[in-house]
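Asker: According to the numbering used here, numbering within the sequence shown proceeds without interruption in unit steps and concludes at 601.
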Amino acid sequence: MAEQEIEVIHSWSAPRSLSTSLMYSFAQRDNMEVLDEPLYPAFLRVTGFDRPYREEILSKIESDGNKVVNEVIFGPGGKKYRYCKVIYYIIREDAHHMAKQRLPGLPDDLMKKGKHILLIRNPLDILPSFDKVVPPSFKELGLADLVTIYSELCELGKSPVIVDAADLQQDPEATLRSLCEDLDIPFQATMLRWEAGPKPIDGLWAKWWRNVRKTSSLLKSPLPEPDLPVPANKNLLAWVGDEIVPRDDAKVSVFDSIVQGGDGVWEGLRVYNGKVFKLEEHLDRLFDSAKALAFNNIPTREEVKQAIFRTLIRNGMLDNAHIRLTLTRGKKVTSGMSPAFNLYGCTLIVLPEWKPPVYDNTHGVNLVTATTRRNSPNNLDSKIHHNNLLNNILAKIEGNNANTADAIMLDKDGYVSETNATNIFLVKKGRVLTPHADYCLPGITRATVMELVVKENLVLEERRISLSEFHTADEIVIIDGHNGAQTGSDELKLLPNS
104 MAEQEIEVIH
114 SWSAPRSLST
124 SLMYSFAQRD
134 NMEVLDEPLY
144 PAFLRVTGFD
154 RPYREEILSK
164 IESDGNKVVN
174 EVIFGPGGKK
184 YRYCKVIYYI
194 IREDAHHMAK
204 QRLPGLPDDL
214 MKKGKHILLI
224 RNPLDILPSF
234 DKVVPPSFKE
244 LGLADLVTIY
254 SELCELGKSP
264 VIVDAADLQQ
274 DPEATLRSLC
284 EDLDIPFQAT
294 MLRWEAGPKP
304 IDGLWAKWWR
314 NVRKTSSLLK
324 SPLPEPDLPV
334 PANKNLLAWV
344 GDEIVPRDDA
354 KVSVFDSIVQ
364 GGDGVWEGLR
374 VYNGKVFKLE
384 EHLDRLFDSA
394 KALAFNNIPT
404 REEVKQAIFR
414 TLIRNGMLDN
424 AHIRLTLTRG
434 KKVTSGMSPA
444 FNLYGCTLIV
454 LPEWKPPVYD
464 NTHGVNLVTA
474 TTRRNSPNNL
484 DSKIHHNNLL
494 NNILAKIEGN
504 NANTADAIML
514 DKDGYVSETN
524 ATNIFLVKKG
534 RVLTPHADYC
544 LPGITRATVM
554 ELVVKENLVL
564 EERRISLSEF
574 HTADEIVIID
584 GHNGAQTGSD
594 ELKLLPNS
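1) Which one or two residues does DSSP pair with V137 in a beta bridge?
2) Is there contact between the segment 330-343 and the segment 439-448, where contact requires at least three CB pairs shorter than 8 Å?
3) Leaving out the 5 sequence neighbours to the left and right, which residues in its chain are closer than 7 Å to D212 when beta-carbon positions are compared?
4) Fully enclosed by the segment 404-449, which alpha helix (DSSP H) runs are 4 residues long or longer?
5) Could you tell me which residues DSSP puts in a beta bridge with H92?
6) Looking at A410 and V471, is the spacing between their C-beta atoms short of 8 Å?
7) Quick one: measure Cβ to Cβ for L147 and I160, integer angstroms, because I've assumed they're closer than 8 Å.
8) Helix, strand or coil for P332? Go by DSSP, reduced to three states.
9) Any idea what DSSP makes of E521, helix, strand or coil?
10) Tell me, to the nearest whole angstrom, how far the beta carbon of T525 is from that of D509; I am working on the premise that it is less than 8 Å.
11) By the DSSP assignment, the alpha helix (DSSP H) with E565 in it spans what residues?
12) I need the DSSP call for D583, collapsed to helix, strand or coil.
13) Going by the beta-carbon positions, is the gap between L307 and I265 smaller than 8 Å?
14) Residues in its own chain within less than 6 Å of V562 by CB, not counting five upstream and five downstream?
15) Can you give me the Cβ contacts of D153 inside the same chain, cut-off strictly under 7 Å, excluding the 5 residues immediately before and after it?
16) Are at least three pairs of beta-carbons, each pair with one atom in the segment 421-438 and one in the segment 356-366, less than 8 Å apart?
17) What's the C-alpha gap between T548 and D583?
18) Considering only the alpha carbon of each residue, which of E108, A145, A498 lies closest to E165?
19) Please report the straight-line C-alpha distance between I384 and L570, rounded to a whole angstrom.
20) Are there 16 or more other CB atoms within 10 angstroms of the CB of N478, so buried, or fewer, so exposed?
21) Between the C-alpha atoms of R296 and R567, what's the straight-line distance to the nearest angstrom?
22) When DSSP labels each residue in this structure, what does I500 get in the three-state scheme?
23) How about K261 and K188: are their beta carbons less than 8 Å apart?
24) Have a look at K408 and A393 and give me their C-alpha separation to the nearest angstrom.
25) Going by Cα to Cα distance, which pick from D463, T437, A292, D422 is closest to F380?
26) Classify E255: buried if its beta carbon has 16 or more other beta carbons within 10 angstroms, exposed otherwise.
27) Ignoring anything shorter than 4 residues or poking outside the segment 227-303, list the alpha helix (DSSP H) runs there in chain order.
28) Answer with yes or no whether the minimum CB distance from S281 to chain C is below 8 Å.
29) For the candidate residues D133, D139, L497, whose alpha-carbon lies nearest to that of L125?
30) Out of G365, K170, V149, which has the shortest C-alpha to C-alpha gap to T450?
31) Measuring CB to CB, does I347 end up less than 8 Å from R427?
32) Do L536 and E564 come within 8 Å of each other at the CB atom, strictly closer than that value?
33) Out of D514, T507, H466, L279, state which residue places its alpha-carbon closest to the alpha-carbon of N482.
34) Could you check if K354 is buried or exposed, using at least 16 other CB atoms within 10 Å of its CB as the buried criterion?
35) Quick check on DSSP: helix, strand or coil for D366?
36) For the beta strand (DSSP E) containing P349, list its first residue and its last residue.
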């Protein structure tokens, strides 16, 4: 597109005021160019403020404030509008220090030309976020200077549009519609949604200000940061709710039912050679479990599949990957047990990981018999694949204490049910036996193995099996759905906008 004169929209704000979110929102428009704090290098140069990225920025980006204003902010471009994010203290401190050092001030055009937005936020909300990056000070926050900016704009007859960050959080669509109306530009629905993660428009400093995490000293763990079993998973992206977010941002509300009471259903999926093993069967069980627990406002089957495929594609996980697919009853309007409080709809979570097989298939594993009995269907039916796993976890603790891979769980009558994490089979004199799925989960991989046994013309028995029969078996096989098998359907397809 031929270059043309652009109408500039200046967005003034304090640090940590959701200014990046507002910038990302405007970046979704088809008629908008976006600049991420173009005067920040000039600020670093003249103030001498110490930042870990200072030298890198000054060596790579123009730091002459006049040049930036004339050639970058007001330079020609290919679109109708240019959104310029300006952390206000950058300009005020820059001009102040230039004057002290007898350097020319910034051009008056910065204030006189274009339209202006003033993004404000309660200082009590700014301070905790700011402190995650650098210790706050009145000078660093520059709240008084923001008032000066407002006064100067009003004196010039350029009264800015005021946007409260709290309104932007609580009702983004209404706030953005009102903002566009005040700026006399048409609202575009694309402003409401964007993919998570770094953006090409981000400044070099973004990784410090937008991804730094600092735990409160009162809650900070004394333990060192642990190594991940698979280091590549440090950079994974997960689907939470209705968006894809980085690992460190993959969180649910404290009001979500999964936090309040383990109130959710889940599936473990395996990906092999671009295919999800037995996807349709897993989705059948997921939706059956949700129906059995009387979930409302459940996402459609196609929506769940799209979330799975898009998440896998974004991570490049097309083989040897595992997905923890979770559907919670959703967020509550207040804490409490009653599902009547769940008025926001279900929360969908797609957690993909690079994950090798859990068990040693070469040398076998050791098991111990747990004293913890498997839940009876009189209490909580194992056919509901729910997230309330304390029964299994207690048995797993016994296995850990015995230094074994897992623990065998018995039913209330002393017959073998399953292990804490897998279905179980035994082989005796050419026959293959497995417990009835009354207490154990009727696993999808279990059903696949049973089909293969029949296909191979072997004798299959599904019945009550005592512990002594396992002790005298020729062979014992545990079937872990997380390991799966390398067959299946449902190829990963590149979806629109994925």
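Beta carbons are placed, not taken as given, at the ideal position from N, Cα and C, and that holds for glycine.
Just so it is clear, the structure is predicted and the values come from calculations on it, not from any experiment.
Answerer: The answer reads as follows:
1) The residue given as residue 137 occupies position 34 in the sequence shown. Answer is Y186.
2) no
3) By one-based count along the sequence shown, residue 212 stands at place 109. For D212, where only same-chain residues beyond five positions count, the Cβ hits under 7 Å are V172, F177.
4) 404-418
5) The requested residue 92 does not occur in the structure, where the chain is confined to residues 104 to 601.
6) Residue numbering aside, residue 471 sits at position 368 when the sequence shown is read from its first letter. Residue numbering aside, residue 410 sits at position 307 when the sequence shown is read from its first letter. Not closer than 8 Å, so no.
7) Taking the first residue of the sequence shown as 1, we reach residue 147 at position 44. Taking the first residue of the sequence shown as 1, we reach residue 160 at position 57. 6 Å between Cβ atoms; contact.
8) As a working note, residue 332 is residue 229 in the sequence shown. It is coil, neither helix nor strand.
9) Here residue 521 is taken as the residue at index 418 of the sequence shown, counted from 1. Looking at E521 - three-state DSSP - the assignment turns out to be strand.
10) Mapped onto the sequence shown, residue 525 falls at position 422. Mapped onto the sequence shown, residue 509 falls at position 406. Yes, they are in contact, since the Cβ atoms of T525 and D509 sit about 7 Å apart, within 8 Å.
11) For the purposes of this step, residue 565 is taken as residue 462 along the sequence shown, with counting starting at 1. Note, E565: premise wrong, no alpha helix (DSSP H); beta strand (DSSP E) at 562-565.
12) In the sequence shown, counting from the first residue as 1, residue 583 sits at position 480. It is coil, neither helix nor strand.
13) Reading the sequence shown from its first residue, position 204 is the one you call residue 307. Reading the sequence shown from its first residue, position 162 is the one you call residue 265. The answer is no: Cβ separation not under 8 Å.
14) For the purposes of this step, residue 562 is taken as the residue at position 459 of the sequence shown. Excluding positions up to five away in sequence, the list reads R534.
15) In the sequence shown, counting from the first residue as 1, residue 153 sits at position 50. Closer than 7 Å at Cβ, skipping near neighbours: no residue.
16) yes
17) Locating residue 548 in the sequence shown gives position 445, where the first residue counts as 1. Locating residue 583 in the sequence shown gives position 480, where the first residue counts as 1. Rounded to whole angstroms, T548 to D583 spans 7 Å at the Cα level.
18) Here residue 165 is taken as the residue at index 62 of the sequence shown, counted from 1. Comparing Cα positions, the closest option is A145.
19) Here the question's residue 384 lines up with position 281 in the sequence shown. Here the question's residue 570 lines up with position 467 in the sequence shown. In the sequence under discussion, the amino acid at residue 384 is Glu, which differs from the Ile named in the question. If you take the alpha carbons of E384 and L570, they lie about 31 Å apart.
20) The residue labelled residue 478 in the question sits at position 375 within the sequence shown. Answer is buried; the Cβ neighbour count reaches 16.
21) Counting from 1 along the sequence shown, the entry for residue 296 is found at position 193. Counting from 1 along the sequence shown, the entry for residue 567 is found at position 464. Straight-line Cα distance between these residues: approximately 54 Å.
22) The residue you call residue 500 lines up with position 397 of the sequence shown. Reduced to three states, the DSSP call for I500 is helix.
23) Taking the sequence shown and counting its residues from 1, the one referred to as residue 261 is at position 158. Taking the sequence shown and counting its residues from 1, the one referred to as residue 188 is at position 85. No.
24) In the sequence shown, the residue the question calls residue 408 occupies position 305. In the sequence shown, the residue the question calls residue 393 occupies position 290. Distance between the alpha carbons of K408 and A393: 16 Å.
25) Counting from one through the sequence shown, the residue named residue 380 turns up at place 277. When only C-alpha atoms are compared, the closest one is D422.
26) For the purposes of this step, residue 255 is identified with residue 152 of the sequence shown, where counting begins at 1. Per the 10 Å Cβ criterion, exposed.
27) 241-244, 246-258, 268-273, 275-286
28) This model lacks chain C altogether, as it is built from one protein chain only.
29) Sequence index remark: in the sequence shown, residue 125 carries index 22 (1-based). Closest by alpha carbon: D139.
30) Within the sequence shown, the letter at position 347 stands for residue 450. Among G365, K170, V149, the Cα nearest to that of T450 belongs to G365.
31) Residue mapping note: residue 347 aligns to position 244 of the sequence shown, counting from 1. Residue mapping note: residue 427 aligns to position 324 of the sequence shown, counting from 1. Their beta carbons are not under 8 Å apart, which means I347 does not touch R427 by this criterion.
32) Here residue 564 refers to the residue found at position 461 when the sequence shown is read from its first residue. Here residue 536 refers to the residue found at position 433 when the sequence shown is read from its first residue. In contact: E564 and L536 (Cβ atoms closer than 8 Å).
33) For the purposes of this step, residue 482 is taken as residue 379 along the sequence shown, with counting starting at 1. Considering only alpha carbons, the answer is D514.
34) Translated into positions along the sequence shown, residue 354 becomes position 251. So K354 counts as exposed.
35) The sequence position of residue 366 within the sequence shown is 263, counting from 1. Coil at D366, not helix or strand.
36) Stepping through the sequence shown from its first residue, residue 349 is reached at position 246. Taken as a continuous stretch (DSSP letters only), the beta strand (DSSP E) holding P349 covers 346-349.
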